[in-house]
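Be aware that the sequence shown starts at 225, since it is given in the numbering used here, and climbs by one per residue.
Beta carbons are placed, not taken as given, at the ideal position from N, Cα and C, and that holds for glycine.
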Amino acid sequence: MELVERLIRGHLKHLEPYSSARDEYTGTKGVFLDANENPHGSVAGDKWNRYPDPYQRSLKLAVSGIKGVPTENLFIGNGSDEPIDLLIRAFCEPSEDHILVFPPTYKMYEVSASIQNVQVKKIQLTDDFQLDVRTAKGVTDEHTKLTFICSPNNPTGNKMRMRDITDILESSKGLVVVDEAYIDFAPDLSFSKRLEEYENLVVLQTFSKAWGMAAFRLGVAYAHAEVIKVLNMIKAPYNISGPIQQQALTAFLNFQKKNDWVTMVAEEREKIIPGIEGMSIVKKVFPSEANFLLVQFHESEPVFNHLISNQVIVRDRSSEAKCENCLRITIGTRDENERLLFLLQSLSDH
Ligand SMILES: *Cc1c(COP(=O)(O)O)cnc(C)c1O
């Protein structure tokens, strides 16, 4: 594929990837003397002595069925943080290429790039937390290998305008990564259905948030089959453990449960907004289509400390671009939210 050929780091074109025992023989029956496993059993239970499927075929079939994306366009990672890291390592030549990000946003794009000594270009979101497309176009060139757009965005909670995302997809010479970690809360928007339109599109989703599987560490990337091949080529051979592959398959059988929780979270979110907005300590509650609220206080530090000292822990985002005096508050259960409101109320004069 021309695009991958142009974008991939030069030395990876000649990489001979690790070939695991399970790559070289994919049958399931036989006497397996090829992987130096313990033939007697496992201290962890009877079948965990065997290496897991390096490409998570059963799990991918299940995800493909649920999400409606063909398995060849699917990569499953150890959290969506894994594909973020792999994309940077596959496509960005340290100290030559750069990634483009739109702060305030998820920090891992920048951290993963910095670990690889890949430069990060930043274009701040506009005052209403939308993409500044014109400025972005001005700084992109053939070294802009990856552009990360988070929608709904963490920590601001809003979706990016569809037109702006497609504008960037159409004008960018590199890959455009749309991080949809919170897509379950804003289901009408997913770009996972638009892979055929944009060969440079990568979509990230995670099972850590709405699905309630954060401890599993399971994220997905959807992309052109050739981009997926690159990720498979450089990933750790057995990146998803056997027990997690098996437990996730079982978990997906009740995936409908997630929808009820999503509804509950959205209802709770809308219910608590007016109360928070009415408090004298609060300057602004930003509109959210996610499972959290970004709240701007007149002074966030005493609020943060008061909450902490009462064992309510929220995320201090006050040092982020355009987030002065802002705290990011996850929507909890009704009881948890009432506790939060009570503590905030006790700091307000009315
Ligand atoms: C939580 C989050 C992730 C990471 O999710 P994992 O799959 O748990 O690694 C990625 N992107 C955004 C925007 C997030 O908020």
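Could you pull the start and end residues of the alpha helix (DSSP H) that residue i belongs to?
i: Lys-291; result: 281 to 291
i: Asp-484; result: 480 to 501
i: Val-454; result: 449 to 458
i: Val-509; result: First-last for Val-509: 506 to 509, but that is the beta strand (DSSP E), not the alpha helix (DSSP H).
i: Arg-541; result: Per DSSP, Arg-541 belongs to no alpha helix (DSSP H) and is neither H nor E.
i: Arg-387; result: 386 to 395
i: Val-357; result: 357 to 363
i: Ala-475; result: 466 to 476
i: Ala-245; result: 245 to 248
Please indicate yes or no: does the CB of residue i lie closer than 7 Å to some heavy atom of ligand 1?
i: Tyr-446; result: no
i: Ala-405; result: yes
i: Ser-304; result: yes
i: Lys-433; result: yes
i: Cys-547; result: no
i: Cys-550; result: no
i: Thr-430; result: yes
i: Asn-378; result: yes
i: Gly-624; result: No statement about residue 624 is possible, as the shown extent of the chain runs from 225 to 574 and does not include it.
i: Ala-472; result: no
i: Ala-438; result: yes
i: Tyr-462; result: no
i: Cys-316; result: no
i: Tyr-422; result: no
i: Tyr-330; result: yes
DSSP has residue i in a bridge; who is on the other side?
i: Gln-343; result: His-322
i: Pro-228; result: Just to set this straight, residue 228 is Val in the shown sequence, not Pro. The partner list for Val-228 (beta bridge, DSSP) is empty, contrary to what the question assumes.
i: Cys-550; result: Gln-520
i: Gly-443; result: Gly-301 and Thr-430
i: Leu-236; result: BP columns for Leu-236 are empty, so no partner.
i: Leu-568; result: None; Leu-568 has no bridge partner.
i: Leu-196; result: An answer regarding residue 196 cannot be provided, because it is not within the stretch 225 to 574 covered by the chain.
Quick one: is residue i buried, meaning 16 or more other Cβ sit within 10 Å of its Cβ, or exposed?
i: Pro-307; result: buried
i: Gln-535; result: exposed
i: Gly-443; result: buried
i: Thr-430; result: buried
i: Gln-480; result: exposed
i: Glu-404; result: buried
i: Ala-475; result: buried
i: Leu-231; result: buried
i: Thr-359; result: exposed
i: Phe-353; result: buried
i: Met-488; result: exposed
i: Pro-278; result: buried
i: Pro-467; result: exposed
i: Pro-294; result: exposed
i: Lys-346; result: exposed
i: Asn-463; result: buried
i: Ala-545; result: exposed
Just curious, the beta strand (DSSP E) that residue i is in, first and last residue?
i: Leu-298; result: 298 to 301
i: Leu-370; result: 368 to 374
i: Asp-403; result: 399 to 403
Just to confirm, does residue i get its C-beta within under 7 Å of one of the non-hydrogen atoms of ligand 3?
i: Gly-381; result: Ligands in the displayed structure: ligand 1; ligand 3 is not one of them.
Taking only beta-carbon atoms, is residue i less than 8 Å away from chain C?
i: Pro-376; result: Absent here is chain C; the protein component of the structure consists of one chain.
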